[in-house]
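> Mapping of the sequence shown onto this note's numbering: residues 1 to 232, in sequence order.
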Amino acid sequence: MEKRYFTTIMLLFFSLLGGAYAQNKIFEFSDELCSYRGYYDAEKYSASQLRDSYALFQTGHYIDDSGTGEELKMRYDSAIETLNNLQPVNNDYFKRLKVDVLNYVKQTYALKIVQKNAKQQPAALVTAVEEGSRAHYYGTALHAGGEVLMKAYLELVRDQMKENAWPESLWDNYQESLKQPNKEDLAFDYVLVYGWWNNANRLVAHIDYDGTQMEKFMALFVKVDTLDCDEP
Numbered sequence: 001m002e003k004r005y006f007t008t009i010m011l012l013f014f015s016l017l018g019g020a021y022a023q024n025k026i027f028e029f030s031d032e033l034c035s036y037r038g039y040y041d042a043e044k045y046s047a048s049q050l051r052d053s054y055a056l057f058q059t060g061h062y063i064d065d066s067g068t069g070e071e072l073k074m075r076y077d078s079a080i081e082t083l084n085n086l087q088p089v090n091n092d093y094f095k096r097l098k099v100d101v102l103n104y105v106k107q108t109y110a111l112k113i114v115q116k117n118a119k120q121q122p123a124a125l126v127t128a129v130e131e132g133s134r135a136h137y138y139g140t141a142l143h144a145g146g147e148v149l150m151k152a153y154l155e156l157v158r159d160q161m162k163e164n165a166w167p168e169s170l171w172d173n174y175q176e177s178l179k180q181p182n183k184e185d186l187a188f189d190y191v192l193v194y195g196w197w198n199n200a201n202r203l204v205a206h207i208d209y210d211g212t213q214m215e216k217f218m219a220l221f222v223k224v225d226t227l228d229c230d231e232p
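1. In the DSSP assignment, find the beta strand (DSSP E) that holds T59 and state where it starts and stops.
2. Where in the stretch 132-180 do unbroken runs of the alpha helix (DSSP H), each at least 4 residues long, occur, reported from the N-terminal end onward?
3. Who pairs with N238 in a beta bridge, going by DSSP?
4. If contacts are defined as beta-carbon pairs under 8 angstroms, then G139 and L125 qualify, I think. What distance do you get, rounded to the angstrom?
5. Which residues mark the beginning and the end of the alpha helix (DSSP H) in which G67 is found?
6. Using the C-alpha atoms, what's the distance from V204 back to M218?
7. Sort F27, L170 and Y36 by Cα distance to Y45 and report the nearest one.
8. Do you know whose CA, among Y54, Q175, L178 and Y174, lies nearest K98's CA?
9. How do the stretch 220-229 and the stretch 143-153 stand: do at least 3 beta-carbon pairs fall below 8 angstroms, yes or no?
10. Measuring straight from C-alpha to C-alpha, what distance separates G60 and D185?
11. Reducing DSSP to helix, strand and coil, say where G211 ends up.
12. Could you have a look at N24 and say whether DSSP puts it in helix, strand or coil?
13. Where A123 and Y174 are concerned, what is the direct C-alpha to C-alpha distance, given to the nearest angstrom?
14. May I have the straight-line CA-CA distance separating E81 from A135, to the nearest angstrom?
15. Going along the chain, which residues of its own chain have a beta-carbon closer than 8 angstroms to the beta-carbon of Y233, five neighbours each way excluded?
16. Quick one, are the C-beta atoms of A200 and L111 less than 8 angstroms apart?
17. Out of D64, F29, Q58 and L33, state which residue places its alpha-carbon closest to the alpha-carbon of A47.
18. The alpha helix (DSSP H) that contains V126, what's its start and end?
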């Protein structure tokens with residue numbers, strides 16, 4: 001009787017254990033160095049949710065800003081639509097990450113389109129950024145033009161020289177630009193990129209890809225096997 005009871009219990013145990021393993025499915029993914037095989041609980045997540053969660057952080061979401069303003073808008077609209085359609089796993093972290101990524105892309109686009117149209121609409125360089133910021137200072141100079149712009153150009157070059165390994169080359173390039181008949185156009189282009197954009201970009205809510213995203217993703221799996229790794 002005791003033997004039969006023990007056998008029944010063991011059969012029940014292995015049946016439950018087998019059921020638990022049966023609901024675990026495989027999802028394979030990779031990063032810059034390694035490829036992985038993850039085993040996940042199919043009652044908690046779907047493969048598409050895992051794929052969309054991974055898509056939120058596997059790239060820095062850089063979008064090419066070359067071409068016309070219309071081309072830029074098309075690329076950003078496409079990227080935003082793709083992000084909106086992602087359905088990550090239903091937990092607070094990945095839902096928040098989706099919001100943050102969308103916010104970053106939208107803020108970057110808003111500034112990039114202002115930069116793209118800077119010569120036609122220079123006033124937007126002022127209104128698009130926080131008052132009192134360095135970007136606002138450079139935007140004001142770009143909008144004003146003339147001596148105000150040339151003064152900001154000189155200040156920018158001198159500031160860059162403090163951090164540059166070859167400050168003499170920066171100064172030589174600056175002096176050479178002043179000899180050109182289109183010196184104000186050269187100053188505008190330089191201040192727009194190295195003054196306005198570099199500082200405006202610092203105002204964007206960037207995402208710190210510090211490894212936390214991968215840790216949170218790995219935690220979704222029951223087990224993860226490393227399949228292969230390239231030499232670092």
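Here a beta-carbon is modelled for each residue, glycine too, at the ideal position from N, C-alpha and C.
Walking through what the data contain:
1. Here residue 59 corresponds to residue number 59 of the sequence shown, with the count starting at 1. Segment: none, T59 is in no beta strand (DSSP E) and carries neither H nor E.
2. 134-144, 146-163 and 167-178
3. Limits of the chain in this structure are 1 at one end and 232 at the other, which puts residue 238 out of reach.
4. Within the sequence shown, numbered from 1, the residue matching residue 139 stands at position 139. Within the sequence shown, numbered from 1, the residue matching residue 125 stands at position 125. With 8 angstroms as the limit, G139 and L125 qualify as a contact, their Cβ atoms being about 4 angstroms apart.
5. Taking the first residue of the sequence shown as 1, we reach residue 67 at position 67. Counting along the chain, G67 falls outside any alpha helix (DSSP H), and DSSP gives it neither H nor E.
6. To locate residue 218, count along the sequence shown from 1; it is residue 218. To locate residue 204, count along the sequence shown from 1; it is residue 204. The straight-line gap from Cα to Cα measures roughly 28 angstroms.
7. Mapped onto the sequence shown, residue 45 falls at position 45. Residue nearest to Y45 within the set F27, L170 and Y36 is F27 (criterion: CA-CA distance).
8. Taking the first residue of the sequence shown as position 1, residue 98 is located at position 98. The candidate whose alpha carbon is nearest that of K98 is Y54.
9. no
10. Translated into positions along the sequence shown, residue 60 becomes position 60. Translated into positions along the sequence shown, residue 185 becomes position 185. Those two C-alpha atoms are separated by around 32 angstroms.
11. Here residue 211 refers to the residue found at position 211 of the sequence shown. Reduced to three states, the DSSP call for G211 is coil.
12. Reading the sequence shown from its first residue, position 24 is the one you call residue 24. Reduced to three states, the DSSP call for N24 is strand.
13. Residue 123 sits at position 123 when you count from the first residue of the sequence shown. Residue 174 sits at position 174 when you count from the first residue of the sequence shown. When rounded, the distance between both Cα atoms is 25 angstroms.
14. In the sequence shown, counting from the first residue as 1, residue 81 sits at position 81. In the sequence shown, counting from the first residue as 1, residue 135 sits at position 135. Roughly 29 angstroms separates the two Cα atoms.
15. In this structure the chain extends from 1 to 232, so residue 233 is not present and cannot be described.
16. Within the sequence shown, numbered from 1, the residue matching residue 200 stands at position 200. Within the sequence shown, numbered from 1, the residue matching residue 111 stands at position 111. Yes.
17. Along the sequence shown, read from residue 1 onward, the residue named residue 47 stands at position 47. The shortest C-alpha separation from A47 is found at F29.
18. Mapped onto the sequence shown, residue 126 falls at position 126. V126 -> alpha helix (DSSP H) spans A124 to T127.
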